[in-house]
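Asker:
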Amino acid sequence: MTAARFDELIHPSTRLSVVALLAAADWVDFAFIRDELDLSDSALSKQLSTLEDAGYVNIERPVSDRRRRVRARLTKTGRAAFEGHVAALHQIVGEPARATMQGR
Amino acid sequence: MEQHVTPLEARAALDAIERRRMRVIDEIDLPRWYWWGLAIGWIALGFITDLGHPWVSAAATFAFGAIHSSVAPRVLSGRHRTGQLSVSARVAGRDTPRLVLAGLVGLAGVTIAGAIALQADGAGHPVTIASIFVALIIVLGGPRLLAEVRRRRGRAGS
């Protein structure tokens, strides 16, 4: 069971949405996140940089079909922080944490 | 900051997280080309079998199996419908390859049974006709099977 730990870096709504998407995936393309959250390139870059600086996200730049792509992936630290944050949110609403919310 | 987060706000945050998880679950699928390729291959195999050359049929079946085996490990997990994301194994679950492969074994049985029945009825090209019927099931039923997988995965988290 993950220890509840409210994470102020993750909690703002845009970053929470970014991390929640990443938590359910191995990696997500930059364009997918941008389109899902209806963000501009620069706004998403800024959020990802913040998460990367905290060690929560890895940014990868694989070359596929000669096109440069950008992928984001949650690190182990980021996943643990997200799971702790979800557990903290469950604690606040007064319900037991569910494995589901932890990127199952 | 935690002290300032009300239960209502926390509930809203949890709902937002669940919506994102469901959005990723929506991506669990097999590429459309897989179903079409399988259906076309199935008909081709049926047609070749109807030609009545056992060695050719055996070679075609082997080639079909080999091609499927080379493609299956990449696509059957349902985690890579597009190149835009890779659904995590925990979210995608382990059911999809088993369900698809069990379905294919079942459809092979349907093809054989259908071909035998058609042959008994005196139809020309019985295996081809049975394969076309099964190919339709693949193209129409395959995506429905994956929709069921997505429903299951969604329910598993709700």
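Those protein sequences? They're chains A and B, same order as listed. According to the working numbering, the residues represented by the first sequence are 1 to 104, in order. According to the working numbering, the residues represented by the second sequence are 1001 to 1158, in order. Positions of the beta carbon are idealized from the N, C-alpha and C atoms, including for glycine. Because the structure is a prediction, the values reported are computed rather than measured.
1. Assuming Ile1067 of chain B is part of the alpha helix (DSSP H), what are its boundary residues?
2. Pop quiz: Gly1078 of chain B and Thr1096 of chain B are said to be a contact at Cβ under 8 Å. What is the actual Cβ separation, rounded to whole angstroms?
3. Give me the Cα-Cα distance between Tyr86 of chain A and Leu44 of chain A, rounded to the nearest whole angstrom.
4. Which residues share a DSSP beta bridge with Ala1010 of chain B?
5. Output the boundary residues of the beta strand (DSSP E) element that contains Arg71 of chain A.
6. On the DSSP letters alone, give me the boundaries of the beta strand (DSSP E) that Glu60 of chain A sits inside.
7. In three-state DSSP terms, what is Val1188 of chain B?
8. Once you ignore the five residues that flank Phe6 of chain A on each side, which residues in its own chain have a CB closer than 7 Å to its CB?
9. Less than 7 Å between the beta carbons of Ala24 of chain A and Arg1151 of chain B, yes or no?
10. Can you find a CB in chain B that lies within less than 7 Å of the CB of Leu16 of chain A?
11. Under three-state DSSP, which class holds Ala25 of chain A?
12. Could you tell me whether the stretch 1026-1043 of chain B touches the stretch 1064-1071 of chain B, using the rule of 3 or more Cβ pairs below 8 Å?
13. What residue from A:Ala4, A:Arg15 and A:Leu22 has the CA that sits closest to Lys76 of chain A's CA?
14. Is Val63 of chain A helix, strand or coil by DSSP?
15. Applying the 10 Å Cβ sphere with the 16-neighbour rule, what's the burial state of His1004 of chain B?
16. Looking at Leu37 of chain A: is its Cβ nearer than 7 Å to the Cβ of Ser17 of chain A?
17. Closest Cβ-Cβ distance between Leu48 of chain A and chain B: below 7 Å?
18. Thinking C-alpha only, which one of B:Arg1144, B:Gly1141, B:Ile1028 and B:Ser1131 is nearest Gly1109 of chain B?
19. Between the C-alpha atoms of Thr100 of chain A and Gly1103 of chain B, what's the straight-line distance to the nearest angstrom?
20. Which value, in whole angstroms, describes the spacing of the CA atoms of Val1075 of chain B and Ile1137 of chain B?
21. Distance check for Ile1025 of chain B and Thr1082 of chain B, CA to CA, integer angstroms please.
22. Give a yes or no on whether 7 Å exceeds the smallest Cβ distance from Phe30 of chain A to chain B.
23. Spatial neighbours of Leu51 of chain A within its chain, please: C-beta separation below 6 Å, excluding the five flanking residues on both sides.
24. For Ser42 of chain A, does the three-state DSSP call read helix, strand or coil?
Answerer: Working from what's here:
1. Here the question's residue 1067 of chain B lines up with position 67 in the second sequence. It spans Pro1054 to Val1075 - the alpha helix (DSSP H) in which Ile1067 of chain B sits, taken as one unbroken run.
2. Indexing the second sequence from 1 puts residue 1078 of chain B at position 78. Indexing the second sequence from 1 puts residue 1096 of chain B at position 96. The pair is a contact, with the Cβ atoms about 4 Å apart (cut-off 8 Å).
3. Residue 86 of chain A sits at position 86 when you count from the first residue of the first sequence. Residue 44 of chain A sits at position 44 when you count from the first residue of the first sequence. The question names Tyr, but residue 86 of chain A is Val in the sequence shown. About 22 Å.
4. Counting from 1 along the second sequence, the entry for residue 1010 of chain B is found at position 10. Answer by DSSP bridge pairing: none, since Ala1010 of chain B is not bridged.
5. Against the first sequence, residue 71 of chain A aligns to sequence position 71. Run containing Arg71 of chain A: Arg71 to Leu74, per the beta strand (DSSP E) assignment.
6. One-based indexing of the first sequence puts residue 60 of chain A at position 60. Element bounds for Glu60 of chain A: Val57 to Glu60.
7. Because residue 1188 of chain B is not part of the residues shown, which for chain B are 1001 to 1158, the question remains open.
8. Mapped onto the first sequence, residue 6 of chain A falls at position 6. His85 and Ala88.
9. Taking the first residue of the first sequence as position 1, residue 24 of chain A is located at position 24. Taking the first residue of the second sequence as position 1, residue 1151 of chain B is located at position 151. No.
10. Reading the first sequence from its first residue, position 16 is the one you call residue 16 of chain A. Yes, Leu16 of chain A counts as interfacial toward chain B.
11. In the first sequence, residue 25 of chain A corresponds to position 25, counting from 1. Three-state result, Ala25 of chain A: strand.
12. yes
13. The count along the first sequence starts at 1 and reaches residue 76 of chain A at position 76. When only C-alpha atoms are compared, the closest one is A:Leu22.
14. Residue numbering aside, residue 63 of chain A sits at position 63 when the first sequence is read from its first letter. It is a strand residue.
15. For the purposes of this step, residue 1004 of chain B is identified with residue 4 of the second sequence, where counting begins at 1. Exposed is the call here.
16. Locating residue 37 of chain A in the first sequence gives position 37, counting from the first residue. Locating residue 17 of chain A in the first sequence gives position 17, counting from the first residue. Going by C-beta atoms, Leu37 of chain A is nearer than 7 Å to Ser17 of chain A.
17. Position 48 of the first sequence, counted from the first residue, corresponds to residue 48 of chain A. Not an interface residue.
18. The residue given as residue 1109 of chain B occupies position 109 in the second sequence. Answer by Cα proximity: B:Ser1131.
19. The residue given as residue 100 of chain A occupies position 100 in the first sequence. The residue given as residue 1103 of chain B occupies position 103 in the second sequence. In this prediction, Thr100 of chain A scores a pLDDT of 44, lower than 50, which makes its location untrustworthy; the coordinate-derived value is nonetheless stated afterwards. Using only the alpha carbons, I get a separation of about 28 Å.
20. Within the second sequence, residue 1075 of chain B is the residue found at index 75, counting from 1. Within the second sequence, residue 1137 of chain B is the residue found at index 137, counting from 1. So the two alpha carbons sit approximately 19 Å from each other.
21. Along the second sequence, one-based indexing puts residue 1082 of chain B at 82. Along the second sequence, one-based indexing puts residue 1025 of chain B at 25. Whole-angstrom Cα-Cα distance: 13 Å.
22. Numbered from its first residue, the first sequence carries residue 30 of chain A at position 30. False, the Cβ-Cβ gap to chain B never drops below 7 Å.
23. Along the first sequence, read from residue 1 onward, the residue named residue 51 of chain A stands at position 51. So the list reads Val57, once near-sequence residues are dropped.
24. The residue labelled residue 42 of chain A in the question sits at position 42 within the first sequence. If DSSP states are grouped into helix, strand and coil, Ser42 of chain A belongs with the helices.
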